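Report on the following structure.
Number of protein chains: 6
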Amino acid sequence: MGDGRFDLITFGEIMLRLSPPNYERMTRGDVFDKRAGGSELNVASGVALLGLRTGIISRLPQNALGTFIKNRIRFEGVSDDYLIYDESPEARLGIYYYENGAAPRKPSIVYDRMNSSITRISLDEIPEDVYTSTRMFHTSGITLALNKNTCEVTTEMIRRFKEGGALVSFDCNYRANLWSEEDARAAIKNILPYVDILFVSEETSRRMMQKEGELKDIMKSYTLEYPVKVVCTTQREVISPRKHNFTSTIYDAQRDEFFTEKPYTNIDVIDRIGSGDAYVSGVLYGMLKYNDGQKALAYGNATSSVKNTIPGDLPASDLREIDSIIRNHQSDGPTSELNR
Amino acid sequence: MGDGRFDLITFGEIMLRLSPPNYERMTRGDVFDKRAGGSELNVASGVALLGLRTGIISRLPQNALGTFIKNRIRFEGVSDDYLIYDESPEARLGIYYYENGAAPRKPSIVYDRMNSSITRISLDEIPEDVYTSTRMFHTSGITLALNKNTCEVTTEMIRRFKEGGALVSFDCNYRANLWSEEDARAAIKNILPYVDILFVSEETSRRMMQKEGELKDIMKSYTLEYPVKVVCTTQREVISPRKHNFTSTIYDAQRDEFFTEKPYTNIDVIDRIGSGDAYVSGVLYGMLKYNDGQKALAYGNATSSVKNTIPGDLPASDLREIDSIIRNHQSDGPTSELNR
Amino acid sequence: MGDGRFDLITFGEIMLRLSPPNYERMTRGDVFDKRAGGSELNVASGVALLGLRTGIISRLPQNALGTFIKNRIRFEGVSDDYLIYDESPEARLGIYYYENGAAPRKPSIVYDRMNSSITRISLDEIPEDVYTSTRMFHTSGITLALNKNTCEVTTEMIRRFKEGGALVSFDCNYRANLWSEEDARAAIKNILPYVDILFVSEETSRRMMQKEGELKDIMKSYTLEYPVKVVCTTQREVISPRKHNFTSTIYDAQRDEFFTEKPYTNIDVIDRIGSGDAYVSGVLYGMLKYNDGQKALAYGNATSSVKNTIPGDLPASDLREIDSIIRNHQSDGPTSELNR
Amino acid sequence: MGDGRFDLITFGEIMLRLSPPNYERMTRGDVFDKRAGGSELNVASGVALLGLRTGIISRLPQNALGTFIKNRIRFEGVSDDYLIYDESPEARLGIYYYENGAAPRKPSIVYDRMNSSITRISLDEIPEDVYTSTRMFHTSGITLALNKNTCEVTTEMIRRFKEGGALVSFDCNYRANLWSEEDARAAIKNILPYVDILFVSEETSRRMMQKEGELKDIMKSYTLEYPVKVVCTTQREVISPRKHNFTSTIYDAQRDEFFTEKPYTNIDVIDRIGSGDAYVSGVLYGMLKYNDGQKALAYGNATSSVKNTIPGDLPASDLREIDSIIRNHQSDGPTSELNR
Amino acid sequence: MGDGRFDLITFGEIMLRLSPPNYERMTRGDVFDKRAGGSELNVASGVALLGLRTGIISRLPQNALGTFIKNRIRFEGVSDDYLIYDESPEARLGIYYYENGAAPRKPSIVYDRMNSSITRISLDEIPEDVYTSTRMFHTSGITLALNKNTCEVTTEMIRRFKEGGALVSFDCNYRANLWSEEDARAAIKNILPYVDILFVSEETSRRMMQKEGELKDIMKSYTLEYPVKVVCTTQREVISPRKHNFTSTIYDAQRDEFFTEKPYTNIDVIDRIGSGDAYVSGVLYGMLKYNDGQKALAYGNATSSVKNTIPGDLPASDLREIDSIIRNHQSDGPTSELNR
Amino acid sequence: MGDGRFDLITFGEIMLRLSPPNYERMTRGDVFDKRAGGSELNVASGVALLGLRTGIISRLPQNALGTFIKNRIRFEGVSDDYLIYDESPEARLGIYYYENGAAPRKPSIVYDRMNSSITRISLDEIPEDVYTSTRMFHTSGITLALNKNTCEVTTEMIRRFKEGGALVSFDCNYRANLWSEEDARAAIKNILPYVDILFVSEETSRRMMQKEGELKDIMKSYTLEYPVKVVCTTQREVISPRKHNFTSTIYDAQRDEFFTEKPYTNIDVIDRIGSGDAYVSGVLYGMLKYNDGQKALAYGNATSSVKNTIPGDLPASDLREIDSIIRNHQSDGPTSELNR
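Residue numbers (UniProt numbering), protein chains in the order written: chain A, 1 to 340; chain B, 1 to 340; chain C, 1 to 340; chain D, 1 to 340; chain E, 1 to 340; chain F, 1 to 340.
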């Protein structure tokens with residue numbers, strides 16, 4: 001488990017997110033809300049908010065935009081110790097544009113992340129001490145997919161973190177606009193031998209990973225084929241872009257047990273982006289703190305549900321809030337309407 | 001069909017729309033959102049967004065406000081070739097103030113459009129070539145209602161466009177605050193002999209046009225009494241100011257056929273204004289492009305439904321988006337939650 | 001009933017309310033919406049909007065913040081004749097921070113009101129003529145709870161207003177973060193002998209006032225134990241932070257009659273704060289204008305329901321709007337979708 | 001001097017002022033700042049801020065815009081007792097659009113005030129008691145210029161106020177876009193026999209009033225030809241749209257004395273509109289409070305200079321601030337940089 | 001001079017410009033102002049505002065950002081007939097981030113324009129008819145500098161426009177962050193044989209073009225070495241980031257005459273970006289309309305000076321405003337302070 | 001010099017700063033800009049921006065406001081390791097309201113900081129390790145002045161840091177609204193025996209510290225009476241609230257040398273607050289990095305001058321920017337107008 005300076009280190013791209021306010025469109029209007037986002041930052045941030053020590057490895061341009069992102073990372077309570085700065089003329093921050101949805105209009109995203117500074121990251125830039133500094137390492141399929149270089153670097157990093165004593169968490173996070181199912185499958189199969197905690201959606205299991213049968217059997221199969229210990233699959237029901245239901249299933253291979261709970265219903269979706277990452281953060285918090293699938297499930301479902309109500313990618317709920325949401329969810333009696 | 005430089009020319013008043021942001025009230029607050037709007041501009045804009053060439057005939061003050069409107073018209077992809085500028089000291093831009101609703105508070109509008117520059121338009125100001133430049137001409141009952149002069153000018157323009165080979169589209173758009181039912185009925189009966197495509201709500205047919213019986217029979221009756229070829233009637237169900245259902249019926253007299261489809265349900269209403277005009281734009285696109293009532297219906301219902309999610313009067317959905325909304329509406333299977 | 005210069009005078013703290021816009025969190029973001037609020041100001045403001053003459057007794061710091069509040073009070077149509085200014089170095093305006101909710105996130109409030117200028121108010125500062133200037137006086141349990149001094153001053157003021165011929169209205173408004181149930185019970189029992197119109201929630205009756213049995217019997221009990229003439233209890237059903245149902249029950253002891261009506265359902269909650277005070281204002285208007293429990297109920301339910309759709313503490317609906325909402329609520333037929 | 005309920009009553013049009021924020025242009029952008037303004041409101045507001053009791057006679061549409069204006073008038077501390085509401089379908093609020101300047105771009109204004117509700121005001125609507133309620137009455141040439149009706153009504157009002165014992169203050173405020181020099185001269189000559197305090201710029205004296213010679217002689221001439229007691233003329237030096245110098249001269253006919261002081265220099269002009277009205281308010285305060293031309297001059301120069309730093313038409317400086325500005329202006333020693 | 005459909009066609013990159021509002025920094029804050037900009041768009045827009053018909057050739061991504069830019073181009077009155085859309089997965093819109101300055105802080109820019117869609121433009125995509133459609137063609141050294149491909153394509157386009165009968169205008173616009181002085185010199189020497197109107201700063205002439213001697217001799221030298229007819233050099237004096245002086249010199253080789261005028265002084269700089277392009281637009285307007293160096297100089301100096309007061313890259317002054325600024329600049333007498 | 005984990009630790013109150021945007025007034029408007037500020041945070045933040053490791057000791061309420069401040073501290077790159085959270089019901093965050101100035105209106109501040117959480121800080125809450133963790137400790141007279149408790153705690157902390165090997169820096173920062181000159185003098189004399197670097201204005205030296213004579217002699221006197229090694233005095237010339245000149249004098253007692261440089265002139269003051277703290281940060285950086293009075297002076301003058309151009313209390317300039325400003329200030333030749 002490393003030297004324990006960190007509970008969690010993640011690795012991935014951090015982007016500038018630009019979105020028109022309210023329900024305005026990208027094609028119109030005079031302002032963009034300016035935020036930081038990225039799957040692995042979202043996860044590190046969620047775990048930090050819950051009280052653990054987290055950091056992120058990433059590569060940012062050495063300019064004002066990179067500084068903005070660094071500041072925002074720190075604002076979230078995530079360590080910037082392992083940020084690498086790109087001073088080359090090609091240095092750039094990946095961007096994505098996000099527009100809210102309202103039935104029957106779907107939310108939509110335009111990516112402009114090609115050739116961002118992280119795509120030229122080298123293992124040599126990453127200090128050796130990081131591999132033994134943390135109890136857990138997390139990354140996602142997005143990082144593998146960025147380009148060939150990040151795929152190779154990430155695979156090697158996973159190996160080294162494992163060697164350094166960290167648990168390895170991996171979120172498949174398949175994005176068809178980044179790579180093909182074939183490439184994704186091959187790359188992910190390469191790293192599954194090192195993964196302890198796996199996040200994979202039912203659709204990704206079936207289509208990209210070519211699994212068949214019942215969901216529970218599919219989840220279990222990863223633990224049979226690989227030394228994966230925990231498999232997590234979310235169930236999101238999209239009633240409309242502004243109203244979701246959400247729950248998840250966790251399989252603990254060591255106890256050979258499935259954990260579930262009743263869904264959060266009628267979630268008021270203010271900003272859906274990052275709610276999957278918030279789920280990961282809740283589960284990882286549960287595992288790091290309690291090593292208990294049921295608690296991990298409760299934290300994951302609560303952090304994900306409430307993230308939908310928060311503008312931007314990044315979560316903003318501390319432990320007190322999450323604990324109170326879990327209590328309300330599990331309570332049958334009346335609860336106060338307002339936190340005073 | 002004219003010389004085909006334009007697919008659609010519309011005629012009507014363009015106003016400045018001022019509205020408090022979010023759910024603030026007109027009676028309070030320090031800012032107004034500043035937008036352009038007007039039924040016939042909304043129609044021309046919707047058709048332009050779908051890829052056809054459109055223009056608008058209107059009369060604007062020769063001042064900074066008129067320039068703002070001209071710029072916004074161009075922003076929408078609508079031609080400003082036939083805008084007329086009023087340099088008189090009386091020149092003014094009509095204004096309307098709009099405030100959002102939330103149950104049990106209804107949306108509300110305050111008009112300040114009297115004596116606007118368009119009310120003093122003269123046929124002499126309109127270049128003769130416009131009448132032969134377009135495949136279709138569209139206007140609405142609002143333009144007839146502005147004052148006696150616009151009623152006369154509009155009637156004559158309809159005649160000339162018809163003569164010039166254009167199809168004539170007309171939206172009854174009865175507004176009780178502009179004129180009486182008697183005046184409206186008389187004026188509209190004057191122009192129905194020239195109308196090819198008629199938009200009329202069931203309530204307007206019954207009250208203002210004094211029709212009785214089944215809706216379908218009412219719709220058909222216009223085609224029996226006048227050379228009207230297509231009659232369109234929308235069905236909007238207002239669940240709350242923020243939640244509507246919507247569909248429509250189209251009657252094609254030449255094929256003697258009614259077209260319908262299942263309603264769009266649980267539309268998230270961000271801004272209801274202009275959704276009727278968006279319907280017109282979808283139908284006219286369908287007719288201009290495919291001359292097919294079923295397609296016109298699908299486009300009309302989709303453009304109207306999605307307009308409700310767009311702030312302001314003006315639509316903002318291009319063909320790709322509308323086609324995707326139609327596909328989703330017609331599909332029974334699962335669809336992606338997000339456009340990436 | 002005093003000299004009738006005022007229909008209603010209220011007494012209470014007026015605070016600066018700071019809230020992040022939209023669904024942003026207090027812990028993030030760069031701006032606060034800046035508003036005035038406070039239970040008794042909300043009541044005076046609601047009654048003024050409906051057309052009666054109201055004023056408020058309060059104590060404000062003699063600085064720019066106090067001036068802001070004074071200006072806002074006047075903006076609401078409430079008289080500032082009885083505002084007292086605190087020129088001491090300790091002068092301060094109480095503040096509260098409010099954050100919106102969205103399921104499963106509850107709205108939340110952080111108070112910073114200790115030692116505000118009103119807590120050092122003295123009876124000597126209040127002009128004697130106020131006690132005979134008004135038809136009705138209103139205050140709430142919050143004012144009693146601020147500190148020992150306000151409790152004593154308020155109790156004496158109630159006595160004097162009663163003596164001056166005013167009806168006394170009192171809203172229990174129990175706040176557990178301000179005082180204990182025991183202290184509240186004792187203080188309120190001290191003033192109930194002077195109260196004509198009592199607002200008390202079912203939960204407060206049961207817990208703080210230690211009542212048992214059926215709600216109607218509980219309501220009646222106040223009029224049996226004290227010379228209370230009217231008891232009002234609201235029923236709010238919180239479907240989600242953004243969707244409520246609402247109605248109320250009023251008991252008129254003189255007629256020994258209960259008044260009820262069907263609830264307002266699916267209220268779109270934009271800002272829930274102040275909707276209880278808006279209820280009080282509607283009921284007091286009904287009593288002052290018509291002295292009729294059924295009308296008071298109708299006004300109270302309407303003013304409360306619509307307040308939920310208004311940003312900020314303060315109501316913003318005039319008599320025309322409230323009357324129209326009541327008509328819609330009581331009508332079974334179709335109603336227009338839009339106020340033009 | 002009337003019954004002294006008011007120190008000052010003014011009469012004039014109150015408009016909605018719409019302006020793009022910062023240095024944006026009217027022809028672009030998505031928002032307008034929404035404010036109230038109008039010469040006579042500005043004067044009443046400035047005098048109220050300094051601590052006297054003021055009111056305004058005006059005519060507003062009976063709609064949400066009229067309510068906004070009424071609320072803002074009260075916010076300023078000005079009485080709304082004499083506002084008249086126009087319930088006719090023609091009711092409208094005059095509007096003006098204002099855009100800031102920056103060298104070499106001048107500020108600019110677009111007016112849309114024709115046919116506003118005040119142009120149809122009738123003497124019958126004005127309660128008789130107003131004429132004996134105040135120590136002073138003020139209006140300006142703008143009110144005379146609106147249309148024939150306001151010219152006649154204003155002239156008669158001036159007569160009645162005079163009769164009722166009020167001092168009459170009049171600001172020539174010549175606006176070439178409202179009327180010709182001939183019409184203005186004739187109308188103003190009609191009222192000069194009733195005027196006690198006259199505000200007239202040097203340019204207006206020379207061009208519109210056709211005076212010649214030295215400024216001081218011109219100022220004196222009004223008091224020789226008419227029973228005018230005090231004549232005030234401002235000297236503004238426009239270094240750039242963002243930098244002005246300002247002072248004024250006052251002639252007191254009874255003492256046959258001219259008052260002057262060194263100019264305020266390098267005024268940071270944030271919003272120039274209303275600084276002339278602020279001057280009037282300072283002078284009238286000085287006369288009402290001290291009946292002393294030197295004090296009136298000091299107040300007028302200070303209120304005008306500081307108004308330039310305030311966004312919007314309306315002043316926002318209370319007596320404490322004005323006194324401190326006067327002290328700083330008259331002091332030669334070092335002054336603190338910051339008010340803590 | 002082509003078929004005269006256009007007075008001016010320009011070619012260049014159009015970027016998204018993102019800037020923090022007011023004086024906030026890129027490294028902080030939650031919003032970016034979102035604007036369109038690019039040297040050649042700025043020029044086309046300025047000339048369109050003055051009343052001529054202009055268009056732009058550029059290449060935009062086929063996504064919502066590309067649509068935003070297209071809409072903005074049209075808003076400016078510039079034709080979008082020759083925009084080319086990039087549907088490839090690499091499609092991207094170049095971005096630049098701009099931050100305002102205030103002494104002693106300089107304005108600063110961060111570019112993120114590498115690999116934008118225009119860098120992959122091909123001559124085949126440009127319709128042949130464009131080369132004979134216009135009286136003048138304009139581009140700048142920035143377009144040459146983007147990459148090798150744009151350098152080649154631009155050079156060939158210049159050749160074809162010349163062949164098609166258009167005058168060729170070229171602004172050296174040397175940017176050290178895009179290419180070396182050697183590369184710039186070589187590329188520009190390649191195109192100078194085709195250039196009619198040349199814009200080159202004194203510093204660029206001396207350093208990049210390696211000229212020596214007096215400025216006037218340097219300007220003349222271009223017309224001796226190449227068939228250049230007009231050479232324009234601006235003189236900007238930066239007093240502070242918020243205060244500039246500006247004038248220019250134009251040499252007309254055919255008349256062998258230099259044109260100058262007294263500088264605009266104490267320009268209030270709100271946004272300096274694009275003021276060089278505005279200069280070009282004024283000069284080109286003067287040449288296209290009057291073919292007169294003195295008039296071109298007056299228009300260039302005025303359009304440039306006033307652009308500094310306009311937020312964003314794009315100018316916003318129509319002919320009426322520019323003419324009035326020129327009149328004020330040339331007048332010695334008093335001028336009105338305000339445009340009413 | 002401690003264990004060197006930190007270069008600088010500061011101690012002081014951190015407040016919420018609320019200010020109306022642009023030039024709006026506290027008494028009006030609907031929004032406040034929400035920022036963090038406080039003299040010692042400003043210093044720690046400035047030094048962190050320049051590249052050193054800094055932290056702050058303070059006491060914050062355990063609520064959402066405290067979290068906001070903590071996040072902002074981290075955003076600035078300052079360590080939150082030594083923040084103490086107040087969970088008592090009295091917990092509150094000090095607030096100050098700030099309004100911009102424009103000649104002749106001065107900036108103004110309203111404080112609401114009494115009884116804030118830091119006033120109840122106890123030495124026991126501060127971890128012992130902090131005293132040996134840093135090379136330098138800094139605090140100011142404001143912290144001494146908050147109340148008796150902070151005065152005692154601060155004095156003891158200074159003693160312990162000194163004992164722990166840290167250099168002690170102290171800024172007199174006399175605030176007449178917090179304490180009397182007598183109290184300040186007594187408290188400061190208590191700590192001067194421990195101070196290494198002293199910041200004191202000329203006015204404070206003369207009035208509060210009762211020094212007389214030439215400035216240089218006064219500065220020197222501190223080093224003669226106490227073991228103070230470095231004395232720094234700033235010279236600010238306030239031309240207007242928006243235009244300042246600035247320089248300073250540093251006396252190095254060990255070298256017995258005075259350091260000065262020519263002033264920064266015509267500084268564009270966007271926000272003056274915190275520029276004194278920025279000066280301290282620049283000087284401390286110079287001393288910590290180079291232990292060189294001349295360099296300290298250059299850094300102090302540059303960081304202070306540029307801070308005036310940054311909205312909010314907190315500086316925002318990194319080393320690259322400060323170095324470039326120093327180079328420009330020291331250069332006589334032309335410098336680029338824009339950082340590209």
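For each residue, glycine too, the CB sits at the ideal point set by N, CA and C. No experiment lies behind these values; they were computed from the predicted model shown.
Continuous alpha helix (DSSP H) stretch holding residue 344/D: start and end = It is not possible to answer for residue 344/D, since the shown part of chain D is limited to 1 through 340.
ask   = Thinking C-alpha only, which one of D80/F, L50/F, S305/F is nearest T234/F?
value = S305/F
inquiry  = Suppose you measure from the CA of S180/C to the CA of R35/C; what does that come to, to the nearest Å?
reply    = 29 Å
query = Which word fits E40/E, buried or exposed, when buried means at least 16 other C-beta atoms lie within 10 angstroms of its C-beta?
reply = buried
ask   = Do you know how far the Cα of L52/A is from the Cα of M287/A?
value = 12 Å
query = Nearest to G141/B by CA position, among P104/B, M219/B, M208/B, R255/B, is which residue?
reply = M208/B
key: Contacts around V153/C, its chain only, beta-carbon distance under 6 Å, and the 5 residues preceding and following it disregarded   = I121, L123
key: Chain-ordered neighbours of Y23/B on chain C, where CB pairs are closer than 9 Å   = D268, I270, D271, T309, I310, P311
inquiry  = I'd like to confirm the pairing. Which residues does DSSP put opposite G55/E in its beta bridges?
reply    = I9/E, S79/E
query = Going along the region 182-203 of chain D in order, which residues come within less than 9 Å of chain F, judged by CB to CB distance?
reply = none
inquiry  = So, with DSSP's three-state summary, where would you put L167/C?
reply    = strand
task = Please confirm if F32/C has its CB atom under 8 Å from at least one CB of chain F.
result = yes
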